[in-house]
Amino acid sequence: MAVVRIPLLAVDGGGTKCLAVLVDRAAREVGQGRSGSCNYQGIGEEAAARELIAAIRQAMADAVSRGAGKELGLEQAAGELEWEIECAVIGIAGLDTEHDRRVISRMVSKVLYQLGIRVQHLIVENDGFAALLGATGGKPGILVIAGTGSIAFGVNDAQETARSGGWGHRVGDEGSGYWIGKQAIMAVLRAADGRGEPTLLQDLLLPHAGLERVDELFNWTYSDFYSVEKVGELSQLVSQAALAGDQVATRILQVAGEELFAAVRAVIDALDMKEKTFQMIMQGGVLQNDDRVRTIVVERVQQYAAQVVIEKAQNDPIYGVIAKGLAYLERQSGGK
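All you need for the numbering used here is the position in the sequence shown, starting with 1, plus 50.
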């Protein structure tokens, strides 16, 4: 059986999507695959493993179709080849505790075995830490993510790291798309029973969910149709309502921005970075698509830590994961 040798497999396994990329030593992409959420905390270990397999398998097939197989004189399908990966960097959501590391490490090992991939050096990190270290190149910086979930990571000039938030949708993720969507549902229900003021959110949420009455929204939240991802999508409707002048939606986004700043401030304090120069990188759909939330975070951080440098590039987190893997390969080459 012929062998395909690829220098790097990089995976950004988030709470919304999983992106797998095969990369050569010149940082060129040779294969890519996508699937859904692979956060085991949200969808379970088996479902997360299936999504991870789907994304990597698609990247393998893409690599063969682009020419990896032709270069080797092969005509086999991706599944009929042996694959050797020099370095695999798996940045994956849900890796927050030592228990999570054991679960995810076991899951990743099973996935690679099922795919027939041999990896010489495997790096498994929280998706945010992998993106941060890759994006900053090890220099002082803070990465704040507000997508389906939310979290802040930081690294200082002594290479000490810290994180804040990211405790999942049940007890945390303040300021995230899920948190914003949940606040919107609660606001509609409060308005319906007279505890809250009227809001445009009702007119947006009900049609979006295919519902006609507010009581159906209540039933929807306790049905099989409810999911973290679907509630996270509602954050876009909150942004629309705020742009239309809805005060309820505006307050939700205001609090979301303040919560994200609180997470960043906690990391700044933990790493003693308040009086030092560092870059702040913002990722995730909420921070990239909602100007109101992003502006609140930027202004609060600039007021608190005057030497912060706002990284304006809106790079996908996968580039940070790739950078981390390429840095490892470069070190290995330098040592030979």
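Glycine included, C-beta positions come from ideal geometry on N, C-alpha and C.
| Query | Result |
| --- | --- |
| Selected residue, minimal CA-CA separation from GLU95, among VAL139, GLN304, ALA143 and THR327 | ALA143 |
| Span of the alpha helix (DSSP H), counted from its first residue to its last, around LYS232 | 227–242 |
| C-beta contact flag for GLY282 and GLY231 at 8 Å | yes |
| Within 8 Å, strictly: CB atoms of HIS391 and VAL288 | As displayed, the chain neither begins before 51 nor continues past 386, which places residue 391 out of reach and without an answer. |
| SER85, DSSP secondary structure in three states | strand |
| GLY166, enclosing beta strand (DSSP E) - first and last residue | No beta strand (DSSP E) holds GLY166; DSSP gives it neither H nor E. |
| Cβ-based neighbour list, LYS160, same chain, cut-off 8 Å, excluding 5 preceding and 5 following | ALA99 |
| Nearest to ASN206 (by Cα), restricted to the options VAL53, LEU193 and LEU102 | LEU193 |
| C-beta contact flag for CYS137 and GLN164 at 8 Å | no |
| Burial state of TYR228, where buried means 16 or more other Cβ atoms lie within 10 Å | buried |
| Rounded C-alpha distance that separates ASP253 from ARG344 | 25 Å |
| Sheet register partners of MET332 (DSSP bridge) | VAL194 |
| Stretch pair the stretch 287–307 + the stretch 171–184: three plus CB contacts closer than 8 Å | no |
| Assigned secondary structure, VAL54 (DSSP; H/G/I helix, E/B strand, else coil) | strand |
| Unbroken beta strand (DSSP E) run spanning ALA143, endpoints | It is not in any beta strand (DSSP E) - ALA143 carries neither H nor E in the DSSP assignment. |
| Beta-carbon separation (whole angstroms), ASP223 vs LEU251, contact threshold 8 Å | With a Cβ gap of about 20 Å, ASP223 and LEU251 do not count as contacting. |
| Outcome for ASP265 when other beta-carbon atoms lying within 10 angstroms are tallied against a minimum of 16 | exposed |
| Touching by the beta-carbon criterion (3+ pairs, under 8 Å), the stretch 268–278 and the stretch 323–342 | no |
| Between the CA atoms of MET332 and CYS88 - distance to the nearest angstrom | 21 Å |
| Close Cβ partners of ALA242 (< 6 Å) along its chain, the five nearest in sequence each way excluded | VAL264 |
| Of the listed residues SER115, ILE167 and ILE346, nearest to VAL53 (C-alpha basis) | ILE167 |
| Whole-number beta carbon distance between ALA109 and GLY86, since they are thought to touch under 8 Å | That belief does not hold up - the Cβ atoms of GLY86 and ALA109 are roughly 15 Å apart, past 8 Å. |
| Delimiting residues of the alpha helix (DSSP H) encompassing VAL221 | First-last for VAL221: undefined, no H or E at that position. |
| Contacting residues, own chain, Cβ-Cβ under 6 Å from THR300 (five flanking each side not counted) | ALA292 |
| Residue environment, PRO257, which counts as buried when at least 16 other CB atoms sit within 10 Å | exposed |
| Nearest candidate by alpha-carbon position, reference ARG78, set ALA377, ILE372, TYR378 and LEU261 | ILE372 |
| Pairwise C-alpha distance: GLN338 and ARG55 | 36 Å |
| DSSP-derived helix/strand/coil call for PHE268 | helix |
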